[in-house]
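Everything below concerns the one structure shown next.
Residue numbers (this note's numbering): 1 to 189.
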């Protein structure tokens, strides 16, 4: 019995050390989450120990976005509308304490330049009345500077008072997970 507890403790300790090593490779320069009248804003800037082309590849591999976060349960590329970029459907499942929500977003992807990926949600096919994201991927030394800016407004019930705080907490945790997974995938490639 004691050996089993000791082994579980050792495995947990090794897992924490492995995750700490991954987290140290990425250098967060700035993170911010705001809530203004039900519209949530988020931005971050992080330097990754990964090649920019590899980072961009994984951010635009829409059929495999689930590799970036446990929150993403489904993702797929849909047929593009005439004259626009690809359309992407993403299904997310988030639980914080007792509150769980499945959310879907159908977004049109536009490339404003070689480093920017703009995603705009279609409110008619999404659980968001508004969602706008910009991912920017730039070389930084031997790595990549990744910046993200987003603003979205959910169409679903968010519990008052504690809801926005829990959403902010979940978004920050998801951000850290995406960064760790981007670096892990970059090493594998």
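Glycine included, each C-beta is placed from N, C-alpha and C at the ideal position.
Cα-Cα separation between residue i and residue j, rounded to whole angstroms
{"i": "residue 27", "j": "residue 138", "result": "14 Å"}
{"i": "residue 29", "j": "residue 44", "result": "7 Å"}
{"i": "residue 103", "j": "residue 65", "result": "15 Å"}
{"i": "residue 146", "j": "residue 121", "result": "21 Å"}
{"i": "residue 39", "j": "residue 153", "result": "5 Å"}
{"i": "residue 49", "j": "residue 118", "result": "23 Å"}
{"i": "residue 181", "j": "residue 69", "result": "7 Å"}
{"i": "residue 42", "j": "residue 34", "result": "6 Å"}
{"i": "residue 60", "j": "residue 76", "result": "11 Å"}
{"i": "residue 71", "j": "residue 97", "result": "15 Å"}
{"i": "residue 113", "j": "residue 84", "result": "15 Å"}
{"i": "residue 21", "j": "residue 101", "result": "In this prediction, residue 21 scores a pLDDT of 40, lower than 50, which makes its location untrustworthy; no coordinate-derived value is stated."}
{"i": "residue 63", "j": "residue 92", "result": "14 Å"}
{"i": "residue 148", "j": "residue 155", "result": "22 Å"}
{"i": "residue 183", "j": "residue 170", "result": "20 Å"}
{"i": "residue 143", "j": "residue 31", "result": "19 Å"}
Assumed close pair residue i, residue j - CB separation to whole angstroms, cut-off 8 Å
{"i": "residue 88", "j": "residue 54", "result": "Contact flag wrong, Cβ pair sits at about 20 Å."}
{"i": "residue 185", "j": "residue 67", "result": "6 Å"}
{"i": "residue 133", "j": "residue 106", "result": "Incorrect: roughly 13 Å between the Cβ atoms, too far for contact."}
Simplified DSSP state of residue i, which is helix, strand or coil
{"i": "residue 92", "result": "strand"}
{"i": "residue 86", "result": "coil"}
{"i": "residue 65", "result": "helix"}
{"i": "residue 169", "result": "helix"}
{"i": "residue 79", "result": "coil"}
Range of the contiguous alpha helix (DSSP H) that encloses residue i
{"i": "residue 56", "result": "52-59"}
Contact test: residue i Cβ vs the ligand FAD heavy atom, cutoff 7 Å
{"i": "residue 77", "result": "In the structure on display, the ligand FAD does not appear, and there are no ligands present to speak of."}
Where the beta strand (DSSP E) through residue i begins and ends
{"i": "residue 27", "result": "27-36"}
{"i": "residue 123", "result": "Taken as a continuous stretch (DSSP letters only), residue 123 belongs to no beta strand (DSSP E), as it is neither H nor E."}
{"i": "residue 143", "result": "143-154"}
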